[in-house]
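The structure under discussion appears below in the form of structure tokens.
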Amino acid sequence: MKLETIFPACRSILGERIWQQIISDPHADSAPEALPGRFAMIAGDWPVPAYLGDLAALEWTIHATAGMMESDRGDAGETAINPTLSLVEVRWKNLTSLVGVGGESIAPPQRGDDRVLVWKVPGTGEVRTCVPTDEDLLVLKMLEEGIEAKTLAKMGGFPIRAVYGALDRAREKGLIKSPSTRIVREGDFGPDPTGDRTYLDAPVFTLQWHLTQACELRCRHCYDRTERETITFAGALEVLDDFDRFCRTKRVRGAITFTGGNPLLYPDFVPLYRAASEYGFAVAVLGNPTERPVLEELVSIQKPDFFQLSLEGLAEHDEWIRGPGHFGRTLRCLEVLRELGIYSMVMLTLTKDNLGQTIPLAQLLRERTDIFLFNRLSRVGMGAKLELPSREEYRSFLEEYVFASKENHSLGLKDNLTNIVLTQRGEAPFGGCTGFGCGAAFNFVALLADGEVHACRKFPSPVGNIHYQSLAEIYDSEDARRYRRRPQACSGCALRAVCGGCLAVIESNGLDISRDRDPFCFR
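Just so you know, our numbering puts 432 at position 442 of the sequence shown, and the rest follows in order with no gaps.
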């Protein structure tokens, strides 16, 4: 390779005449790695800038890094330093502004010892440079010396989430590489609409934790009003520890959505929320309208990823379902969430009775919430007394909903069958209910107050009990696999990876989740 392609910045700075004089040695092309040393010897002699030797060393490292082969991540090993990463010691600051490969500095070179990282970004092959931050160096030291995240947090006196956050940022930069997630679809779920494994490999696993059955509301569609013994705070801490082990074993980031009942009525909710935050989990709340001081306390610990409220239609219908005053309390709570900068969701349970109110409600909420979503009613518990629309009514509604979502930015897509409408419109499908179609027992499970673990909370789908089994044992059980296989009737469908219908709707309509497709499917 010609020297000017290896050292373009040096050549540009020197100018063509000086450049040709310096590289006139006939052996220069055969030993380009020696050129930085040669530049260093003459650096400082007019018209050669004093930093030229260090700049050449940096450019040579960039060239060598570009030629490195990326190692296959495979399925073994742990999080590790990117094998293409090099650290270049230099005696000049701001050299990254001259090399044009992701440098962050725009100031001219100045004397002063510095370090520059050079690496190839995994997957893209892009070569980047940067002056490492203290956080970068801490992460690299942690991995080089094999220090556990919990140990480092204790040594530094900061929460473990800070360590996990630093690891995430280093991973996003490409400074470190992590082994592939072990939460992957088994069997034939293809083709993935993206052409890769976007909808087949899950990097995040969510524990939907129903802390308590206690609730101040008596909703007409409530799935479960049974009495369940509530887990103690000590037991809840053991669950957090087990979930942390599960996430590390499965190589995923952990997220916890606290719900109930009303999770805020769990006696030790704030200490448990704090403990989950300190583990580094993403935390969110699915609850009822609450007051500003409660939300402010949560924000002081860790701002929730989102806070989800529910409305079942316009005011009169919502209060028929959820009780007098609920509609107004929810709107006031949404105002507080916006003032505190907490991402807000509003969820509606879709029935025959509120079908025509859904889009008007979303229009009313468009400046009040970040996203509005709906789930179809599961006809279990109190919900067995309510009705769903017909399949044709639902199809027409979905078409109208997708059309309205193009104009109303707050209208979100969630129901898996929405993908049928999108593909019929010539649009790309989205990830469906959980980002992976039906995610029951795949990228989430529901943990009930008494320790029962279900594939999905919307219908009875027990897969184990956290008091007698680890979460990993429950996840790997045949019971859990049965829920994540998808119905046989969906085999061969091009949308299988992002759909699977709704298992809760299938079962609550008297069908077999292993065999029958969603009765509302119109593909």
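Just so it is clear, CB atoms sit at the ideal spot from N, CA and C, and this is done for glycine as well.
- The beta carbon of isoleucine 8 sits closer than 8 Å to the beta carbons of Pro37, Val38 from its chain, once the five residues preceding and following it are set aside; these are given in chain order.
- Within its own chain, the residues whose Cβ lies closer than 6 Å to the Cβ of aspartate 232, once the five positions on either side in sequence are excluded, are Ser460, Leu461, listed in chain order.
- In this structure aspartate 186 is exposed. Its beta-carbon is surrounded by fewer than 16 other beta-carbon atoms within 10 angstroms.
- Per DSSP, the continuous beta strand (DSSP E) segment holding alanine 436 begins and ends at 434 to 437.
- Following the DSSP letters along the chain, one finds isoleucine 456 in no alpha helix (DSSP H), marked with neither H nor E.
- Under DSSP, cysteine 120 takes part in a beta bridge, and its partners are Leu107.
- As the crow flies, the alpha-carbon of glutamine 292 is around 40 Å from that of proline 99.
- As summarised for the segment 330 to 403, the continuous alpha helix (DSSP H) elements at least 4 residues long and confined to that stretch are 348 to 355, 381 to 395, given in chain order.
- Considering only Thr348, Phe449, Asn455, the residue with the shortest C-alpha distance to cysteine 212 is Phe449.
- With fewer than 16 other beta carbons inside 10 angstroms of its own, isoleucine 32 counts as exposed.
- Aspartate 405 counts as buried, since no fewer than 16 other beta carbons sit within 10 angstroms of its beta carbon.
- Nearest to valine 273 by C-alpha distance, out of Pro257, Phe297, Arg282, Lys144, is Phe297.
- At the C-beta level, threonine 114 and threonine 196 stay beyond 8 Å of one another.
- Between the C-alpha atoms of methionine 132 and glutamate 281 there is a straight-line separation of about 42 Å.
- In the structure shown, glycine 318 falls within a helical segment according to DSSP collapsed to helix, strand and coil.
- Within the segment 233 to 257, the beta strand (DSSP E) runs of at least 3 residues that lie entirely inside it are, in chain order, 243 to 249.
- Arginine 159 has its alpha-carbon roughly 41 Å from the corresponding atom of isoleucine 13.
- Non-local beta-carbon contacts of alanine 305 in its own chain, meaning distances under 8 Å to residues more than five positions away in sequence, involve Phe317, Gly318 in chain order.
- Under the three-state reduction of DSSP output, phenylalanine 297 falls in the strand class.
- In this structure, Ile150 is the residue among Phe426, Leu437, Ile150 with its C-alpha nearest to the C-alpha of glycine 270.
- Nearest in C-alpha terms to serine 368, of all of Ser300, Ser380, Asn499, Gln414, is Asn499.
- With the rule of 3 Cβ pairs closer than 8 Å, the segment 66 to 86 counts as touching the segment 105 to 119.
- With fewer than three CB-CB distances shorter than 8 Å, the segment 342 to 357 does not count as touching the segment 190 to 208.
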